[in-house]
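Structure, as structure tokens:
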Amino acid sequence: MTNASAALRGFGPVFALLFGLQFVSMGAMEMSGPFWPIHIKALSPSDSVFGLAGIGVYICPMLGVSLTSAFWGRMGDRHGNRLMMVRALAGLAITQLLIAFAQDVWTILALRFLQGAFAGYIAPAQAYGVQVTGGRDRAGLFAWLQVATNVGSLGGAFLGGLILDELPFAAINLTAGVICALCAAIAWASLPVPPNG
Numbered sequence: 027m028t029n030a031s032a033a034l035r036g037f038g039p040v041f042a043l044l045f046g047l048q049f050v051s052m053g054a055m056e057m058s059g060p061f062w063p064i065h066i067k068a069l070s071p072s073d074s075v076f077g078l079a080g081i082g083v084y085i086c087p088m089l090g091v092s093l094t095s096a097f098w099g100r101m102g103d104r105h106g107n108r109l110m111m112v113r114a115l116a117g118l119a120i121t122q123l124l125i126a127f128a129q130d131v132w133t134i135l136a137l138r139f140l141q142g143a144f145a146g147y148i149a150p151a152q153a154y155g156v157q158v159t160g161g162r163d164r165a166g167l168f169a170w171l172q173v174a175t176n177v178g179s180l181g182g183a184f185l186g187g188l189i190l191d192e193l194p195f196a197a198i199n200l201t202a203g204v205i206c207a208l209c210a211a212i213a214w215a216s217l218p219v220p221p222n223g
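Per our numbering, residue 27 is the first one in the sequence shown, and the count goes up by one each step.
Written out as structure tokens, the structure reads:
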């Protein structure tokens, strides 16, 4: 673990914060992932609706991302990657909080689409990481950000299961929404604006 800590510190304190934000926010985003079929089944009026919505709840965010990623990339080039990270985290927070109060599958599917449409945190985080580290050791930088994503996602699913064991499904979305909102506020307040945007 000492080598891992030293490697993170080698990139500097801003990267350590970036790593932490990615770990926590990706965990929050994946808290509900494995458990959607349980929730969708409970809200579905029929098996055919469950079949469609059970697939749609996973496809809708991907569709949203695929339709908006080029737009957000251009916005990142124009306004900076830091702002795009904050925008993505705020979008995740808002949609997670709204999903917590959704009472039918069609509203959930629409919000999941919007969640994907406003998402897109990983690419600007990588680009921001390159900016703040001066572009040194990109392979190591991307590897560490991928570690944050993967371990955070695994931990988030585990935490989501613990929450679902004791509380209703909406508690997962409420928790994730609050976490993403805190991450957005920390990113806005703590991540410096790189000299070149």
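Think of the CB as a built atom: it goes at the ideal place given N, C-alpha and C, for glycine as much as any other residue.
Rounded to the nearest angstrom, the gap between the Cα atoms of residue 156 and residue 75 is 45 Å. Inter-segment contact for the segment 106-123 and the segment 182-192 is absent: fewer than three beta-carbon pairs are separated by less than 8 Å.
In the DSSP assignment, residue 192 falls within the unbroken alpha helix (DSSP H) covering 164-192.
If you draw a 10 Å sphere on the C-beta of residue 199, you find 16 or more other C-beta atoms in it, and that means buried. Here residue 178 has 49, 52 and 53 as same chain residues with Cβ atoms under 6 Å from its own Cβ, once five neighbours each way along the sequence are excluded. Here residue 159 carries a coil assignment [DSSP, helix/strand/coil]. Around residue 66, the same chain offers 76, 79, 80, 83, 131 and 134 as residues with beta carbons nearer than 8 Å, after the five sequence neighbours per side are excluded. Take the alpha-carbon of residue 213 and the one of residue 69: they are about 35 Å apart. Per the coordinates, the alpha-carbon of residue 46 lies some 25 Å from the alpha-carbon of residue 138. Residue 120 holds the alpha-carbon nearest to the alpha-carbon of residue 203 among 120, 152 and 221. About 30 Å separates the CB atoms of residue 161 and residue 88; that is not less than 8 Å, and the two are not in contact. DSSP places residue 53 in the uninterrupted alpha helix (DSSP H) bounded by 39-55.
For residue 172, the number of other beta carbons within 10 angstroms of its own is below 16, and it is reported as exposed.
Per the C-alpha coordinates, the member of 154, 91, 86 and 72 positioned closest to residue 43 is 154.
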